[in-house]
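Have a look at the structure below before the remarks.
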Amino acid sequence: VRTVAGDTGAEADVERAVGVAAEGAGLQAAVLSAGTGTMAPLVSTSLDEWERVMRTNLTGAFLAVKHAGAAIAAAGGGAIVGISSIAGPLTHRHMGPYCVSKAGLETLIRNAADELGRAGVRVNGVRPGLVRTELADPLLSDDQVLADYLAQMAISRVGTPDDIGAAVRFLCGPESTWITGQVLGVDGGHTLRRGPDIDHWATALFGDVAVTGIPQRG
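Here is the structure:
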């Protein structure tokens, strides 16, 4: 295993990482898993926070598709898998930048699949629901938020990293050679219903603007 430190939003760093990964036998698959988020009502979200989320979640994915796609094509074909979120198709109040970035990622996946298919590169996505990870700890530790998440799932349990890993492996493997441009939901059926209600949490942090959408004027 080789690691490369860098900024996923910096093209030179992404190009260097792809070059390292392609050494030897070439690059057969790439998984775009870098991600970040923020929580605030849209009217309270700073431009810096908006741009930070877009740089990591969307610009970074574009740069990875650009450079990894070319490397995979040069090696004779393979797969790219982007990690999306149920926040792509479902609104999540107070998580606007994250939602927009994941919706953009899913559109990027479809466009890249259409363009790169002729070069033998499949491009798909995995759309996780609530998964038990360190990043999700604030959601998992709030009983009210967790209960609302579970109520929106047809299969009412928190996902595991293994659930997501199995889907990624499938989309990178030989079983999926006729699948491209798809986003596979691994969410317990959450996208059958609605996004979570975290108004009480946001109100505690941001006040009435979290439910009114109207910033207070001094």
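For the sequence shown, my numbering gives the first residue as 67, with consecutive numbering after it. Every residue gets a Cβ at the ideal spot worked out from N, C-alpha and C, and that includes glycine.
| Item | Value |
| --- | --- |
| Segments assigned alpha helix (DSSP H), at least 4 residues, entirely inside the segment 160 to 187 | 162 to 182 |
| Buried or exposed by the 16-neighbour rule on C-beta atoms within 10 Å, applied to threonine 173 | exposed |
| Euclidean distance between Cα positions of alanine 83 and arginine 193 | 24 Å |
| Cβ contact (3+ pairs, closer than 8 Å) linking the segment 128 to 145 and the segment 212 to 232 | no |
| Opening and closing residue of the alpha helix (DSSP H) in which leucine 205 lies | 203 to 206 |
| Alpha-carbon to alpha-carbon, alanine 91 and alanine 106 | 45 Å |
| CB contact flag (valine 147, valine 189, <9 Å) | yes |
| Cutoff 7 Å; reference cysteine 238; Cβ partners in own chain excluding five residues on either side | Ala95, Ala145, Val147 |
| Whole runs of the alpha helix (DSSP H) within the segment 203 to 256, excluding any shorter than 4 residues | 203 to 206, 209 to 217, 227 to 238 |
| Distance, proline 262 Cα to threonine 111 Cα | 19 Å |
| Cα-Cα separation between glycine 103 and methionine 219, rounded to whole angstroms | 22 Å |
| For glycine 135, the three-state DSSP class (helix, strand or coil) | helix |
| Glycine 195 beta carbon less than 9 Å from that of aspartate 274 | no |
| Backbone secondary structure at glycine 144 - three-state DSSP | strand |
| C-alpha distance - alanine 276 paired with histidine 158, whole-angstrom precision | 12 Å |
| Beta-carbon gap between alanine 87 and alanine 137 smaller than 9 Å | yes |
| Cβ neighbours of threonine 199 in the same chain (closer than 8 Å, five flanking residues each side left out) | Pro227 |
| Given alanine 185 as reference, the closest of Gly142, Phe128, Thr269 once Cα atoms are compared | Gly142 |
| Beta-bridge partners of proline 194, as assigned by DSSP | Val252 |
| Beta-carbon contacts of asparagine 123 that lie in its chain and below 6 Å, excluding the five residues immediately before and after | Gly101, Ser167 |
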